[in-house]
Amino acid sequence: EIHIKEPIEKEVNPHLLPGELLLCEASTVYKYMQEDGSNRGTYGKLVCTNFKISFLDDDSASDDNEPQFKNKIVGENDITLQCVDQIYGVYDEKKKLLTGQLRKYPEKLIIYCKDLRVFNFCLRYTKEEEVKRIVSGIVHHSQTPKLLKRLFLFSYASAAPNNTDGRNQTVMFETLEDWRDELERTKGNVKYKAVTTNEGYRVSEKLPLYFVVPICISEESILKYEGRGIPIWCWSCHNGAALLKMSAFPKEQDDSTSQMQKAFLDGIYKTISKPPYELLKMDDLSSSLPSLQDIQTAYTRFKQLFLIDNSTDFWATDVKWFSLLESTNWLEIIRRVLKKAIEVAECLEIQHTNVLLIEETATDLCCVISSLVQVMMDSYSRTKSGFQSLIQKEWVIGGHCFLDRCNHLHKSEKEEAPVFLLLLNCVWQLVQQYPPAFEFTETYLTVLSDSLYVPIFSTFFFNSQHQRDTNKSGESLKTQSGPFRFLTVWDWSVQFDPKAQAFLNNPLYAEKPKPDRSQRKTARFKHQRQLSLPLTQTKPSTKRGFFREETDHLIKNILGKRIGKFINSSDEPPNSLREFYDSWHSKPVDYHGLLLPRIDGPEIKVWAQRYLRWIPEAQLHGGGTIATAAKILDLMEEVQSLQVKMDEERSQAVSGDIHSVPMLRNSARLSSLFPFALLQRQSVKPALPTSTWKDLEDEDDLVKRDDEFVDLSGDML
């Protein structure tokens with residue numbers, strides 16, 4: 001039965017950003033709720049602009065029941081054009097991928113998003129002309145190749161007033177001073193120097209304007225091969241050992257060129273490797289880590305596990321969850337990358353050896369490993385501003401090809417690979433293993449991954465500093481000429497108000513002066529040995545898999561084999577590395593010292609908040625880490641209020657913002673995937689297959705159980 005709301009008397013118009021233009025629209029579009037296979041949903045208008053696809057119903061106009069965690073730029077029914085992954089049409093119950101020109105128009109439209117949302121629209125009740133316009137418009141604007149200057153980034157930059165929050169503490173690494181300050185901070189200025197050789201991009205358009213090299217490297221050497229074969233400094237350890245990266249020479253060369261390049265490299269190595277005082281270890285990442293193509297293939301398989309149309313699909317894959325997860329190879333790639341970062345950390349920390357990471361362009365896996373090593377070894381990189389400065393240094397200014405790797409222009413799928421997403425997945429492993437060590441939360445990492453597809457920020461929409469600088473100049477819409485003033489993603493006030501920004505900060509972050517010893521013990525107390533979060537809190541079925549009673553033995557067997565496989569695998573780390581790893585893990589954790597991730601077997605987990613947040617069946621109501629956090633935050637609020645009373649009694653001014661922590665009342669009513677589960681407005685019930693319902697014998701018990709689940713349409717806090 002379809003419950004149809006009364007037709008809307010007032011016209012609902014989309015909220016347009018500066019520079020945003022309405023391109024096409026269709027009325028009487030029915031949006032399904034992906035919940036239980038029923039046809040429940042709501043009527044509204046589907047629109048496409050030069051920025052987003054948006055569904056507008058009568059709720060879109062009202063501010064009632066506003067979620068506490070709301071994005072000001074992208075609403076819950078908005079999909080930016082860059083966030084569209086694939087579009088399918090349904091013809092006579094058959095799904096067909098939509099690309100290019102369409103001869104026949106579908107009766108249903110399914111949009112799969114890169115942030116793993118799935119939208120189902122029924123077009124049966126829409127006028128034929130409107131169907132043609134909206135479907136062809138959506139497919140054309142989101143799937144066909146486009147020019148860089150056609151990105152909404154430029155429309156927005158030329159039309160929007162530049163009144164951003166000036167309190168951004170992120171170091172942008174756009175000036176020589178920024179690099180010199182970083183050298184001084186890490187005590188690397190004794191052996192390394194910031195150079196201006198590339199001013200005007202006379203060395204290479206791929207290199208940043210300013211970068212750091214060993215003091216003994218001459219300007220002539222840097223100019224000789226356009227910066228190739230030159231060790232570029234990333235970071236210096238407290239003991240003086242440094243992490244360096246280098247873009248390799250092309251492998252396909254004639255003999256004479258190869259000989260010249262080899263002689264050049266030998267000369268470079270001799271200047272920086274002076275045993276026994278200065279040791280150098282070279283690591284060619286293209287041979288020791290998976291290729292970009294392998295990473296892309298693994299992630300493509302992995303994300304299919306979460307792009308779920310309905311409950312039937314969810315429960316059909318549930319029984320095979322472990323085997324499906326393992327077959328993607330995504331978690332194994334994360335494990336290999338973390339293991340490589342541990343190897344590098346061991347060389348720097350224990351062997352006092354400089355490490356030179358080598359890659360063809362030094363802008364992909366070099367960025368991943370160098371960033372991870374700094375997060376593990378430098379507590380500054382675990383603060384919010386420090387982590388953002390790290391991303392600026394290694395990725396944005398370092399020349400990672402965001403435009404190509406995210407395929408923002410739909411130019412070439414061959415270049416596409418989720419390299420930055422791989423880093424965020426690896427950092428998430430550390431965040432969930434050592435929460436007090438990080439000033440930011442997993443919610444911060446999740447919204448950062450979402451920001452990859454929001455083209456109002458320049459941060460993730462260029463391939464290099466040169467490309468951004470050359471595209472900065474242009475005519476604005478207001479006819480005055482001048483450079484575009486692009487926004488940076490690090491100004492979170494653009495996307496979130498202060499209340500929502502509080503979810504990005506970790507209230508349990510261990511401040512450096514007084515590390516909390518009790519937390520230090522409890523953080524390592526219990527292993528949660530699973531490869532993913534458990535699913536819904538439902539009564540176990542005697543016929544379905546993946547529930548506790550019938551699968552305990554199976555899970556132990558699977559995990560036992562996997563742990564054995566990982567520990568005894570052919571790429572088992574050398575003894576010295578294993579000793580370093582085991583020795584570190586046998587001691588109490590210093591949250592402001594070196595952090596080593598746990599990588600054996602099931603320690604590598606699925607990033608549940610990012611990948612499961614749109615799937616109602618995967619939510620644990622009143623459970624998950626949010627339940628623990630809510631209790632702790634209640635205690636913190638109580639402590640803060642007592643502190644205020646004490647201060648008032650002493651007639652002292654209150655220091656700090658007492659309301660900086662969002663208070664999570666009644667944790668029993670929160671989802672484990674909070675705060676994103678709030679965006680699911682529909683009522684969520686355990687969507688069990690029919691056979692399971694038949695197995696539930698006691699109906700009274702079922703009614704009582706029904707009450708335990710949260711109606712997300714209400715006010716959850």
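Here the sequence shown is numbered in UniProt numbering, starting from 1 and rising by one per residue.
Glycine is no exception: its CB is placed at the ideal position from the N, C-alpha and C atoms.
State the CB to CB distance for the pair residue i and residue j, rounded to an integer number of angstroms; the pair is presumed to be in contact (CB under 8 angstroms).
{"i": "D404", "j": "E394", "result": "Contact doesn't hold; Cβ gap of about 17 angstroms is too wide."}
{"i": "V131", "j": "A26", "result": "6 angstroms"}
{"i": "K193", "j": "I215", "result": "5 angstroms"}
{"i": "L265", "j": "N354", "result": "The pair is not a contact, with the Cβ atoms about 15 angstroms apart (cut-off 8 angstroms)."}
{"i": "L223", "j": "V203", "result": "6 angstroms"}
{"i": "H410", "j": "T144", "result": "6 angstroms"}
{"i": "V494", "j": "L487", "result": "6 angstroms"}
{"i": "T470", "j": "Q609", "result": "Not really, about 38 angstroms apart at Cβ, beyond 8 angstroms."}
{"i": "Q374", "j": "W235", "result": "5 angstroms"}
{"i": "Y453", "j": "K114", "result": "6 angstroms"}
{"i": "A500", "j": "K70", "result": "6 angstroms"}
{"i": "Y591", "j": "P436", "result": "5 angstroms"}
{"i": "R485", "j": "N162", "result": "4 angstroms"}
{"i": "R360", "j": "S287", "result": "In the sequence as presented, Arg is not what sits at residue 360; that position holds Glu. That belief does not hold up - the Cβ atoms of E360 and S287 are roughly 11 angstroms apart, past 8 angstroms."}
Rounded to a whole number of angstroms, what is the C-alpha to C-alpha distance between residue i and residue j?
{"i": "Q619", "j": "E226", "result": "52 angstroms"}
{"i": "T363", "j": "I626", "result": "36 angstroms"}
{"i": "V589", "j": "F580", "result": "14 angstroms"}
{"i": "L509", "j": "Q68", "result": "The residue asked about is misnamed: residue 509 is Tyr in this sequence, not Leu. Approximately 22 angstroms between the Cα atoms of the pair."}
{"i": "S389", "j": "E649", "result": "41 angstroms"}
{"i": "S586", "j": "R598", "result": "12 angstroms"}
{"i": "P290", "j": "K245", "result": "18 angstroms"}
{"i": "V118", "j": "K52", "result": "15 angstroms"}
{"i": "E346", "j": "I217", "result": "26 angstroms"}
{"i": "E199", "j": "L207", "result": "10 angstroms"}
{"i": "S258", "j": "S221", "result": "16 angstroms"}
{"i": "H408", "j": "L595", "result": "34 angstroms"}
{"i": "residue 757", "j": "L123", "result": "This structure gives no information on residue 757, because the portion of the chain shown stretches from 1 to 717."}
{"i": "F314", "j": "Q82", "result": "26 angstroms"}
{"i": "S451", "j": "P275", "result": "46 angstroms"}
{"i": "K631", "j": "S671", "result": "14 angstroms"}
{"i": "D426", "j": "K127", "result": "Residue identity check: residue 426 is Cys in the sequence provided, not Asp. Those two C-alpha atoms are separated by around 48 angstroms."}
{"i": "V190", "j": "A341", "result": "25 angstroms"}
{"i": "E205", "j": "F462", "result": "13 angstroms"}
{"i": "Y112", "j": "Q86", "result": "5 angstroms"}
{"i": "residue 778", "j": "S142", "result": "Residue numbering for the chain in the displayed model covers 1 to 717; residue 778 lies beyond these limits and cannot be assessed."}
{"i": "K109", "j": "F440", "result": "The sequence shown places Leu at residue 109, not Lys. The alpha-carbon atoms of L109 and F440 are separated by roughly 38 angstroms."}
{"i": "I333", "j": "D600", "result": "13 angstroms"}
By Cβ distance, which residues of its chain are closer than 8 angstroms to residue i, with the 5 residues on each side in sequence left out?
{"i": "T49", "result": "P14, L16, E20, L21, L22 and L23"}
{"i": "V419", "result": "L292, I295, D364, L365, C367, V368, H400 and R405"}
{"i": "Q261", "result": "Y225, G229, F249 and Q253"}
{"i": "K187", "result": "S236, H238 and G240"}
{"i": "Q465", "result": "E174, P208, L209, V396, I397 and G399"}
{"i": "T197", "result": "V203, E219, I222 and L223"}
Tell me which same chain residues have a C-beta within less than 6 angstroms of the C-beta of residue i, skipping the five on either side of it?
{"i": "F55", "result": "K31, G44, L46 and N77"}
{"i": "T328", "result": "A298, R301 and F302"}
{"i": "L331", "result": "I604"}
{"i": "F211", "result": "I232"}
Does DSSP put residue i in a helix, a strand or coil?
{"i": "E511", "result": "coil"}
{"i": "G601", "result": "helix"}
{"i": "S273", "result": "coil"}
{"i": "P498", "result": "helix"}
{"i": "H621", "result": "strand"}
{"i": "E25", "result": "strand"}
{"i": "W607", "result": "coil"}
{"i": "S54", "result": "strand"}
{"i": "W614", "result": "coil"}
{"i": "F314", "result": "helix"}
{"i": "V47", "result": "strand"}
{"i": "F484", "result": "coil"}
{"i": "S236", "result": "strand"}
{"i": "E579", "result": "helix"}
Given residue i, which residues of its chain have a CB within under 7 angstroms of its CB, disregarding the five upstream and five downstream residues?
{"i": "S569", "result": "Note that S569 scores 40 on pLDDT, short of 50, meaning its location in the model is unreliable; the coordinates nonetheless yield the value given after this. Answer for S569: no residue qualifies."}
{"i": "Y125", "result": "T28 and Y30"}
{"i": "Q136", "result": "As written in the sequence, residue 136 is Ser, which differs from the Gln given in the question. Excluding residues within five positions, the ones whose Cβ falls inside 7 angstroms are L102."}
{"i": "K96", "result": "Y88 and G89"}
Is the shortest distance between the beta-carbon of residue i and the beta-carbons of chain D less than 7 angstroms?
{"i": "G75", "result": "Although the question refers to chain D, the structure presented lacks it and comprises just one protein chain."}
Suppose only complete runs of 3+ residues qualify. What are the beta strand (DSSP E) ranges in the stretch 118-199, listed by chain order? 118-122 and 192-195
To test your reading of the DSSP string, which unbroken beta strand (DSSP E) runs of 3 or more residues are found completely within the stretch 433-475? DSSP runs (the beta strand (DSSP E)) wholly in the stretch 433-475: 473-475.
What runs of the alpha helix (DSSP H), each 4 residues or longer, lie entirely inside the stretch 246-298? 255-272 and 285-288
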